[in-house]
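Asker: So that we are looking at the same thing, I have put the structure below in structure tokens.
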Ligand SMILES: [Zn+2]
Ligand SMILES: [Zn+2]
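Residue numbers (the working numbering): 28 to 205.
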């Protein structure tokens, strides 16, 4: 959804949203292009106000996703929520005030908008991505996969650790009886 800058008033525009996988797919080059998938639509609300050229956006998003544990590679459900507040200025303003745009941006930690429209979908996507960890663990002490036999050590204990990691890598084959 895009808002015309001119239409944003000091009183603000309130909007509620609910977005499913199709919303994410618009931004992803291929299906499943993100490191999570939605267990339910992302929902929330946001309010956009403008005073002169200065736009502020505040909102809240929440949802449930499926993440893949980086140690045991199992998928698990996870909830997230995030409150956010953004202050945006038109890029052209900064260019007029200062020759050194890059430095200015870093100093201010300021967001910017370009042109006559504000792309709320892009802003929401950024907030969704920021709320979801890129290093998921199904639990803090997940023991992960056995590096020797590949067993998920959450599910069963293998004998490899007793044999020691220095054991011949093919030692495991002895276990298979033909
Ligand atoms: Zn895990
Ligand atoms: Zn093992």
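Just so it is clear, CB atoms sit at the ideal spot from N, CA and C, and this is done for glycine as well.
Predicted, not measured: the structure shown is a model, and the values here were computed from it.
1. Assign residue 63 to buried or exposed, taking buried as 16 or more other Cβ atoms, counted over all protein chains shown, within 10 Å of its Cβ.
2. Does the beta carbon of residue 86 fall short of 8 angstroms from some heavy atom of ligand 2?
3. Where does residue 78 land, buried or exposed, given buried means 16+ other C-beta within 10 angstroms?
4. Please report how far the alpha carbon of residue 135 lies from the alpha carbon of residue 114, in whole angstroms.
5. Just confirm the distance between the C-beta atoms of residue 86 and residue 94, as a whole number of angstroms; I'd bet it's less than 8 angstroms.
6. How many Å lie between residue 82 and residue 76 at the Cα?
7. Between the alpha carbons of residue 107 and residue 96, how many angstroms are there, rounded?
8. Taking just the CA atoms, how far does residue 84 sit from residue 183?
9. For the beta strand (DSSP E) holding residue 102, just list the boundary residues, first then last.
10. Indicate, with yes or no, if ligand 2 has a heavy atom lying under 8 angstroms from the CB of residue 176.
11. How far does the alpha helix (DSSP H) with residue 158 in it extend, from its first residue to its last?
12. Return the chain-ordered ranges of every beta strand (DSSP E) run that is complete within the segment 43–75 and spans a minimum of 3 residues.
13. How big is the Cα-Cα spacing for residue 67 and residue 35?
14. Considering only the beta carbon of each residue, do residue 162 and residue 170 sit closer than 9 angstroms?
Answerer: Let's see:
1. Within the chain shown, numbered from 1, the residue matching residue 63 stands at position 36. Counting Cβ neighbours within 10 Å, residue 63 comes out buried, since at least 16 surround it.
2. If you number the chain shown from 1, residue 86 lands on position 59. No.
3. Taking the chain shown and counting its residues from 1, the one referred to as residue 78 is at position 51. Residue 78 should be labelled exposed.
4. One-based indexing of the chain shown puts residue 135 at position 108. One-based indexing of the chain shown puts residue 114 at position 87. Residue placement at residue 135 cannot be trusted, given a pLDDT of 48 that sits under 50; the coordinates are not used to answer.
5. The residue labelled residue 86 in the question sits at position 59 within the chain shown. The residue labelled residue 94 in the question sits at position 67 within the chain shown. Not a contact, Cβ separation roughly 23 angstroms.
6. Looking up residue 82 in the chain shown gives position 55. Looking up residue 76 in the chain shown gives position 49. Using only the alpha carbons, I get a separation of about 6 angstroms.
7. Translated into the one-based positions of the chain shown, residue 107 becomes position 80. Translated into the one-based positions of the chain shown, residue 96 becomes position 69. The straight-line gap from Cα to Cα measures roughly 16 angstroms.
8. Walking along the chain shown from the start, residue 183 turns up at place 156. Walking along the chain shown from the start, residue 84 turns up at place 57. For residue 183 and residue 84, the distance between alpha carbons rounds to 49 angstroms.
9. Counting from 1 along the chain shown, the entry for residue 102 is found at position 75. Run containing residue 102: 102–117, per the beta strand (DSSP E) assignment.
10. Within the chain shown, residue 176 is the residue found at index 149, counting from 1. Because some heavy atom of ligand 2 lies under 8 angstroms away, the Cβ of residue 176 counts as near it: yes.
11. Taking the first residue of the chain shown as position 1, residue 158 is located at position 131. Per DSSP, residue 158 belongs to the alpha helix (DSSP H) from 147–158.
12. 63–65
13. Numbered from its first residue, the chain shown carries residue 67 at position 40. Numbered from its first residue, the chain shown carries residue 35 at position 8. Rounded to the nearest angstrom, the two C-alpha atoms are 30 angstroms apart.
14. Residue numbering aside, residue 162 sits at position 135 when the chain shown is read from its first letter. Residue numbering aside, residue 170 sits at position 143 when the chain shown is read from its first letter. Contact: no.
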